[in-house]
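Chemist:
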Amino acid sequence: MPGYLEGYGEGEERRSKMIRWTLAGVFGALIIGGLLYFFLRDIAEDRTARAFIAALQRKDYAGAYRMWGCTEANPCRDYRFERFLEDWGPQSPAADPSKIRLEHPQLSPGVIGWIRNVLRIQYSCPDGVIYHVHLGKGEPVLLYVFRKDKTIGFAPWPVCAPRFRM
Numbered sequence: 007m008p009g010y011l012e013g014y015g016e017g018e019e020r021r022s023k024m025i026r027w028t029l030a031g032v033f034g035a036l037i038i039g040g041l042l043y044f045f046l047r048d049i050a051e052d053r054t055a056r057a058f059i060a061a062l063q064r065k066d067y068a069g070a071y072r073m074w075g076c077t078e079a080n081p082c083r084d085y086r087f088e089r090f091l092e093d094w095g096p097q098s099p100a101a102d103p104s105k106i107r108l109e110h111p112q113l114s115p116g117v118i119g120w121i122r123n124v125l126r127i128q129y130s131c132p133d134g135v136i137y138h139v140h141l142g143k144g145e146p147v148l149l150y151v152f153r154k155d156k157t158i159g160f161a162p163w164p165v166c167a168p169r170f171r172m
């Protein structure tokens, strides 16, 4: 009878080890998936914003204007091509392409602010992304790239959902 209970519990131990590894794998995949989502969710909007700056640097103003969802043949009602050239053309503050710099706003100081900036909480909005365009002098211009159709517009606020104090 010495060999009767030798293997007792081996199957249970193997099963519990498999369950632990499965749970660890699922948990790890969720963490990696969440991190990838937070860091890659704005990649298409980033490409659109960089393409806009590249068009300005090439002096392709008609191409840059098309990124706003407008054309010279079918101009936007409130932002005609002449007005676009005043803002972004050769006589504008954006005339020197070497000084144009695109970045996300860094709004919050401290550790909590750093976490909010890393997770893109303040400028990655549900329907678009906010960018600062530094033109070399003066205040940066706030641009907004819409997620739905990847068009560009001016951002009304430097954060996604501003809180107004009454």
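Residues 7 to 172 in the numbering used here are what the sequence shown spells out, letter by letter. Glycine residues also receive a C-beta, built at the ideal position from the N, C-alpha and C atoms.
Cβ atoms of Ala101 and Leu62: under 7 Å apart, would you say?
Modeler: Not closer than 7 Å, so no.
Chemist: List the DSSP bridge partners of Cys131.
Modeler: Beta-bridge pairing links Cys131 to Gly134.
Chemist: Distance check for Phe90 and Asp48, CA to CA, integer angstroms please.
Modeler: Cα to Cα, Asp48 sits roughly 25 Å from Phe90.
Chemist: Is Arg107 helix, strand or coil when you go by DSSP?
Modeler: Strand.
Chemist: Compare the Cα-Cα distances from Ile136 to each of Val117, Thr54, Thr28, Pro96 and report the closest residue.
Modeler: Comparing Cα positions, the closest option is Thr54.
Chemist: In whole angstroms, give me the CA-to-CA distance for Asp155 and Glu109.
Modeler: When rounded, the distance between both Cα atoms is 21 Å.
Chemist: Compute the Euclidean distance between the alpha carbons of Glu145 and Arg107, then round it to the nearest angstrom.
Modeler: Approximately 12 Å, taken between the alpha carbons.
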